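**Student:**
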Amino acid sequence: MNYNDFYNESIHEPEQFWAKQAEQIAWYKKPEIILSKDEDGYPLWFEDGELNLCYLSVDKHVEDGYGDQVALIYDSPVTQTVRKYTYSEIKTEVAKLASGMLALGLKKGDTAIIYMPMIPQTAFAMLACARIGVIHSVVFGGFAPHELAVRIDDCKPRLIITASSGIEFDRLIAYKPLVDAAIELATHSPKKVIIFNRKLGARVPFKKYDVDYDNLVYGSEETRCVPLKSNHPSYILYTSGTTGKPKGIVRDTAGYAVALLFSMKYIYDVKPEETFWAASDMGWAVGHSYILYGPMLNRTTTIIFEGKPIKTPDASTYLRVIADHKVNTMFTAPTAIRAIKKEDPDGEFIKNYDLSNLKKQFLAGERCDSATIEWYQKHIPIPVIDHWWQTESGWPMVSNSLGLEKMKVKSGSATKAVCGYDLKIFNENGEELGPNEEGFVVIKLPLPPGNMLGIWKNKERFKNSYFTKFEGYYLSGDGGYKDEDDYIFITGRVDDVINVAGHRFSTADMEEVVSSHEEIAECAVIGIHDELKGQVPFALVVTKSNTEMSHFQLQHEIENLVRHQIGAVASLKSCVVVKRLPKTRSGKTLRRLLRSLADGEAYQIPSTIDDESIIEEIEQVLKEYKIGFYKTT
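When we follow our numbering, the leftmost residue of the sequence shown carries the number 5, and every step to the right adds one.
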């Protein structure tokens, strides 16, 4: 199959193209309107259709005679548990959980927060919500009560579904006290909290709003899937924004189903009954699209892995999972590969495992350096495909579409635009740039199916965040360029968002936390280059004039503040005291200049800077504390 012909049809005849793809899924009511617009002019897909994501992911496969096929493998090295679930087993549990939720008073259009570790019940909770039209919002279990409370107040869930605990390496984290603390902090009060008790010894304080998961499921009859309109929100997923307040990205139902099934076939080239492993977390876009919905829509066995690439128990754990479960296609962030490479530089562990079933490795979430790809292919000689997408898109935007045509790989490039994405590179004035000229990565409307429906309850922010800078185009927030062959190179964020191991954090959010320390007068948080995680947050702080606290103590307290307010995943590792911050004459902190200084990159001093002498001061501090580039110089 030819990529160019397929891609050109998707750009020039989008309605015709996606109408054909929509034929691949089972509708309760087939759409006659393929592409339309909402009252604000934003594109909508399959507006008059009706379907259900849970039905397509589970029930249909049972009806088609595949009930005994393994749908999901739970592999938990931290609890030394492996459990396989068939489509029939999942259907029974999900249908009963959904019935129990209805009995608790939930109805179509309500919202529910899912705050759980990487266990099968997380997937069951998501599917149960989809079954009855409840809009789920999965919140990563590593987030602190404050962050959970922000999300509670934004999406106002009628229900929270949680577990007794998560496990971080060898440390048990009790979730229920965190949920209770978040409810105390929040203005909105959920009616009920369903708790799945893992019986691992975590403290589970009982509240009057609590409901036991097992009792609810086993005391309920099965309920059927509810037909939903194409643009009924399937979920809300929060991602960081430059204002410091998380953005609740809303996903539709029909466009998402069509796009994910398309991607499994034409991008990942995965067949039904193969095994696909996305080593991510359910709290991120990858977890929604490629741990749960994508593979299960495609009738592909998926893996829920509760562990880390190293220390659970060592750098061989990913290799064991691939070998034990005969994984055919894997998807992870480059951070994971770098962590394994650091622990096992000569690939000694790799020699101990049969990886013959693994045919391709996909990477996303951050830029992958050439050295990491070369190391991987030296020890595991299979295609390593770096591709690019965002929470907002829900599925890949730039990739080597293996199910269409295996294109040549270019180091540093995510290859070419995926079908449906009319991607261009603009300068500041909205003029398209030529080959190898770096600018803003933008996509011409209409965005293809599966992209965000909006920001939860905030049309104005949706418009201002993505569509006001260049009319008729989606602003991705990333910079990049195309070469003479239309290969696309993504160079990183152009806004104040830090990408830590594929997870996005707002600098404004972190600065608010750092500034809350009683000894801090002002601060700037930037993302600096890190060999393992891509970027890590780094804080420059100006202390109050009368402070007597030592630098060591201040750094320790600020790191703990970030851990408590945002979560350990934010991993603020360094904090240095400076006399002042570089600013423009209008008072804007020059964060881009600070990033260039810390990363040892060439920089230009902006003409608007208030005082040039501060640059030398900052460099001296970075050298003294061996920050970023100055670690090795």
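Every residue, glycine too, gets a C-beta built ideally from N, C-alpha and C. Treat the numbers as computed from the prediction; the structure is a model and nothing was measured.
Can you check which of these residues, P181, N219, W288, is closest to F210 by C-alpha distance?
**Tutor:** For the purposes of this step, residue 210 is taken as residue 206 along the sequence shown, with counting starting at 1. Nearest C-alpha to F210: P181.
**Student:** If contacts are defined as beta-carbon pairs under 8 Å, then M456 and I253 qualify, I think. What distance do you get, rounded to the angstrom?
**Tutor:** The count along the sequence shown starts at 1 and reaches residue 456 at position 452. The count along the sequence shown starts at 1 and reaches residue 253 at position 249. That pair is a contact at about 5 Å.
**Student:** Whole angstroms are fine: how far does the CA of V582 sit from the CA of L601?
**Tutor:** Translated into positions along the sequence shown, residue 601 becomes position 597. Translated into positions along the sequence shown, residue 582 becomes position 578. The alpha-carbon atoms of L601 and V582 are separated by roughly 14 Å.
**Student:** Can you have a look at S415 and say buried or exposed, based on whether 16 or more other CB atoms are within 10 angstroms of its CB?
**Tutor:** Here residue 415 refers to the residue found at position 411 when the sequence shown is read from its first residue. Exposed is the call here.
**Student:** State the DSSP-derived secondary structure class of V413, mapped to helix, strand or coil.
**Tutor:** By 1-based counting over the sequence shown, the position of residue 413 is 409. DSSP places V413 in coil when its eight states are reduced to three.
**Student:** Using the Cβ count rule (16 or more neighbours within 10 Å means buried), how would you classify I37?
**Tutor:** Looking up residue 37 in the sequence shown gives position 33. I37 comes out exposed.
**Student:** So does the stretch 306 to 322 actually touch the stretch 169 to 188, counting three or more Cβ pairs closer than 8 Å?
**Tutor:** Yes: the two stretches touch, three or more of their Cβ pairs being nearer than 8 Å.
**Student:** Along the chain, which unbroken stretches of the beta strand (DSSP E) at least 3 residues long are found entirely within the stretch 316 to 367?
**Tutor:** Listed in chain order, they are 333 to 336, 364 to 367.
**Student:** If we count the other Cβ atoms within 10 Å of its Cβ and call it buried at 16 or more, is S617 buried or exposed?
**Tutor:** Walking along the sequence shown from the start, residue 617 turns up at place 613. Flag for S617 reads exposed.
**Student:** Does the pairing of the stretch 158 to 168 with the stretch 115 to 122 give three or more beta-carbon distances under 8 Å?
**Tutor:** The stretch 158 to 168, when compared against the stretch 115 to 122, does touch it at the 8 Å Cβ threshold.
**Student:** Given 8 Å as the limit, is there contact between the stretch 387 to 396 and the stretch 430 to 438, that is, 3 or more CB pairs closer than that?
**Tutor:** In short, these stretches do not touch, since the Cβ pair count stays below three.
**Student:** Measuring only the C-alpha atoms, how far is S590 from M411?
**Tutor:** To locate residue 590, count along the sequence shown from 1; it is residue 586. To locate residue 411, count along the sequence shown from 1; it is residue 407. For S590, the pLDDT reaches just 47, beneath the cut-off of 50, and the residue's location in the model is therefore unreliable, leaving the point undetermined.
**Student:** Would the beta-carbon of K251 fall within 8 Å of that of Y242?
**Tutor:** Within the sequence shown, the letter at position 247 stands for residue 251. Within the sequence shown, the letter at position 238 stands for residue 242. Yes. Within cutoff.
**Student:** Specify, as a first and last residue, the run of the beta strand (DSSP E) that H533 falls within.
**Tutor:** Counting from one through the sequence shown, the residue named residue 533 turns up at place 529. 524 to 534 is the extent of the beta strand (DSSP E) around H533.
**Student:** Going by DSSP, what residue range makes up the beta strand (DSSP E) through L449?
**Tutor:** Working through the sequence shown from its first residue, we reach residue 449 at position 445. From DSSP, L449 is part of no beta strand (DSSP E); its letter is neither H nor E.
**Student:** In whole angstroms, give me the CA-to-CA distance for Y3 and H329.
**Tutor:** The question about residue 3 has no answer here: the residues shown for the chain are numbered 5 through 637.
**Student:** Which of the three DSSP states, helix, strand or coil, is assigned to N431?
**Tutor:** As a first step, residue 431 must be located in the sequence shown, where it is residue number 427. DSSP places N431 in coil when its eight states are reduced to three.
**Student:** Pull up the distance between the alpha-carbon of G369 and that of I295, whole angstroms please.
**Tutor:** Numbered from its first residue, the sequence shown carries residue 369 at position 365. Numbered from its first residue, the sequence shown carries residue 295 at position 291. Using only the alpha carbons, I get a separation of about 15 Å.
**Student:** Are V529 and M553 touching if we call contact CB-CB under 8 Å?
**Tutor:** Taking the first residue of the sequence shown as position 1, residue 529 is located at position 525. Taking the first residue of the sequence shown as position 1, residue 553 is located at position 549. For V529 and M553, no; Cβs fall outside 8 Å.
**Student:** Quick check on the burial criterion: 16 or more other C-beta atoms within 10 angstroms. Buried or exposed for V86?
**Tutor:** Walking along the sequence shown from the start, residue 86 turns up at place 82. That one is exposed.
**Student:** Quick one: does the C-beta of Y477 sit closer than 7 Å to a heavy atom of the ligand NAD?
**Tutor:** Inclusion of the ligand NAD in the displayed structure is not the case, the ligand content being empty and no account of it being possible.
**Student:** Do you know offhand how far S193's Cα is from P149's?
**Tutor:** Locating residue 193 in the sequence shown gives position 189, counting from the first residue. Locating residue 149 in the sequence shown gives position 145, counting from the first residue. So the alpha carbons of these two residues sit roughly 14 Å apart.
**Student:** How far does the beta strand (DSSP E) with W281 in it reach, from first residue to last?
**Tutor:** Here residue 281 refers to the residue found at position 277 when the sequence shown is read from its first residue. 279 to 282 is the extent of the beta strand (DSSP E) around W281.
**Student:** Hey, would you say R207 sits closer than 8 Å to A185, going by beta carbons?
**Tutor:** Locating residue 207 in the sequence shown gives position 203, counting from the first residue. Locating residue 185 in the sequence shown gives position 181, counting from the first residue. In this structure, A185 does not lie closer than 8 Å to R207 by Cβ.
**Student:** When the Cα atoms are used, what is the spatial distance from C159 to H236?
**Tutor:** Position 155 of the sequence shown, counted from the start, is the residue given in the question as residue 159. Position 232 of the sequence shown, counted from the start, is the residue given in the question as residue 236. Whole-angstrom Cα-Cα distance: 15 Å.
**Student:** In whole angstroms, what separates the C-alpha of E226 from that of L76?
**Tutor:** Translated into positions along the sequence shown, residue 226 becomes position 222. Translated into positions along the sequence shown, residue 76 becomes position 72. One C-alpha to the other measures close to 20 Å.
**Student:** Taking the runs of the beta strand (DSSP E) that are 3 residues or longer, which of them lie wholly in the stretch 200 to 235?
**Tutor:** Those beta strand (DSSP E) runs which fall completely within the stretch 200 to 235 and span 3+ residues are 214 to 216.
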